Amino acid sequence: MQSKRFETSPKFKGGTIRINSKKIKKGIVFVKCTKRNVFCTLMDLLDEKVKTSCSLRVPPYVNEYNERENPYVRGVLLGELFGRKIIELGYNNLTIFLGSGLNKGRRGFLRGLGHTKSISISCLRLGSGYPHNGCRPAKVRRKKNRTKPKLFR
Numbered sequence: 008m009q010s011k012r013f014e015t016s017p018k019f020k021g022g023t024i025r026i027n028s029k030k031i032k033k034g035i036v037f038v039k040c041t042k043r044n045v046f047c048t049l050m051d052l053l054d055e056k057v058k059t060s061c062s063l064r065v066p067p068y069v070n071e072y073n074e075r076e077n078p079y080v081r082g083v084l085l086g087e088l089f090g091r092k093i094i095e096l097g098y099n100n101l102t103i104f105l106g107s108g109l110n111k112g113r114r115g116f117l118r119g120l121g122h123t124k125s126i127s128i129s130c131l132r133l134g135s136g137y138p139h140n141g142c143r144p145a146k147v148r149r150k151k152n153r154t155k156p157k158l159f160r
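Structural data, given as structure tokens:
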């Protein structure tokens, strides 16, 4: 009995697939959140970096209540800005990896990216999840009470 040989399919050139004469260009978006900033990177399927952006590049917005820099609002604006850049580059289908950081900006980024209508998100993966009940707190240090003996008054 002879063993069958399986042929591997050819690699995609830049992640472009044709379905029903419609060109679908796939991309991967990596989102990393720090305490005050959100970084995002667009890569194609051949692991080549195409576009990067951070939340410091967003246009200035109206700060109604004179609050501190709001990472959620900056994340929404970054998502809309990055979505427009993705459409200009011709990407239709995205896989999103939400990396480290539990900043509110990553939720805002997804909402802002969802406002762009022509982008479809095929997969969403969380890198570090939300804590279920948090870590166990450290033991409280008990200070020794030193009292002087009151023998002679």
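Just so you know, my numbering puts 127 at position 120 of the sequence shown, and the rest follows in order with no gaps. Idealized CB from N, CA, C, for every residue including glycine. Bear in mind that the values here come from a model prediction, so they are computed numbers and not experimental data.
- As a beta-bridge residue in DSSP terms, I128 pairs with L101.
- Of the candidates V80, E55, L120, G115, the residue whose Cα lies closest to the Cα of P66 is V80.
- By DSSP's assignment, T48 forms a beta bridge with F37, T59.
- Excluding the 5 residues flanking it on each side, G119 has same chain C-beta neighbours closer than 6 Å at V83, G86, E87, in chain order.
- In the structure shown, K92 falls within a helical segment according to DSSP collapsed to helix, strand and coil.
- Secondary structure of L120 (DSSP, three-state): helix.
- A straight-line Cα-Cα distance of about 35 Å links G34 and C142.
- Relative to the Cα of L53, the nearest Cα in the group N44, K32, R43 belongs to K32.
- L117 is the residue among L117, T102, L101 whose C-alpha sits nearest the C-alpha of V45.
- The straight-line gap separating the alpha-carbon atoms of E95 and P144 is approximately 48 Å.
- If you check the CB distance, K30 and K58 do not come in under 8 Å.
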